[in-house]
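The structure under discussion appears below in the form of structure tokens.
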Amino acid sequence: CMRCLEDDRRGDQFLRLDWLCAAITICEIHCVPLWLYEEPLGALQCFHDDNGARFTFFTRSHSHYSGRRKDEAVLRALCRFEQALKRALAGEVRTLPGLDSIAFVAVVTDLIWALLQTVARDGTRLAHHFEVEHFPVPPGWRAPYTLRALSGLDIWFRQSVLAIVACLLLPTYFADLITVSSHLGRPDTDARLLDVLGPENVDTLLGRAHRWPIYFRLRMEKAARSRPISRDVKRKSTD
Numbered sequence: 153c154m155r156c157l158e159d160d161r162r163g164d165q166f167l168r169l170d171w172l173c174a175a176i177t178i179c180e181i182h183c184v185p186l187w188l189y190e191e192p193l194g195a196l197q198c199f200h201d202d203n204g205a206r207f208t209f210f211t212r213s214h215s216h217y218s219g220r221r222k223d224e225a226v227l228r229a230l231c232r233f234e235q236a237l238k239r240a241l242a243g244e245v246r247t248l249p250g251l252d253s254i255a256f257v258a259v260v261t262d263l264i265w266a267l268l269q270t271v272a273r274d275g276t277r278l279a280h281h282f283e284v285e286h287f288p289v290p291p292g293w294r295a296p297y298t299l300r301a302l303s304g305l306d307i308w309f310r311q312s313v314l315a316i317v318a319c320l321l322l323p324t325y326f327a328d329l330i331t332v333s334s335h336l337g338r339p340d341t342d343a344r345l346l347d348v349l350g351p352e353n354v355d356t357l358l359g360r361a362h363r364w365p366i367y368f369r370l371r372m373e374k375a376a377r378s379r380p381i382s383r384d385v386k387r388k389s390t391d
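Sequential numbering from 153 applies to the sequence shown in our numbering.
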């Protein structure tokens, strides 16, 4: 977080445990996106004064996040979801309305699995077809799925996937993340998602439904019964 680093210019401890959590991409204190440096400690420079050697940060570091600044309401919404997920991963009872920790982590894990599945001949994954306008999936993404998928993804990929999951899980609660033109938040979103995912992957996903919150399980099972049959997945529209 560039704002946290600026607060630490006097040489204080700059490492935050939140920065090391795979579920966190937004700073809870300053509500700005975390930044991934291409080179380790690339923002640091050392200087000497009467108190000895100290570290500070280049002022130009601000440009890294100012160009990617989102609407404040959108950042707050995603931050709220991430912090709730972090609490759930830590086993805390208080997470989001109607979600206990075990069910919350289970449904997020399964949705991430679904979003990383290849669903088209051009190699695109489900996430490409349901991206959030404010947090788009980086172009050309072909990240492989692993058991530690979220931890293994670049921070921008994590941010995109977590935003989609928030919209799928509680579209009303996270309405700030959804725009009118989005595929997310519509009455037929669940059915369309299962249709794009494909029959084999749908069977695998619904086979895990016993772990989910009951309202979400019933939603997806209803969508599975009503979804249209698609013979082929077309390339995502760019309009």
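All C-beta atoms, glycine included, are put in the ideal place defined by N, C-alpha and C.
- Only residues of its own chain outside the window of five on either side were considered, and among them Asp342, Ala343 and Leu346 have a CB closer than 6 Å to the CB of Ala375, listed in chain order.
- C-alpha of Ile366 to C-alpha of Asp355: approximately 18 Å in a straight line.
- Scanning Ala255, Ala266 and Ala236 for the CA closest to the CA of Pro351 turns up Ala266.
- Around Ala236, the same chain offers Thr247 and Leu248 as residues with beta carbons nearer than 6 Å, after the five sequence neighbours per side are excluded.
- Nearest in C-alpha terms to Leu230, of all of Ala318, Arg369, Trp308 and Thr261, is Ala318.
- In the three-state scheme derived from DSSP, where H, G and I count as helix and E and B as strand, Ile307 is classed as helix.
- Of the candidates Glu224, His335 and Leu370, the residue whose Cα lies closest to the Cα of Asp328 is Glu224.
- One alpha carbon belongs to Val313, the other to Val289, and they sit about 8 Å apart.
- Residue pairing by DSSP places Thr270 opposite Arg277 in a beta bridge.
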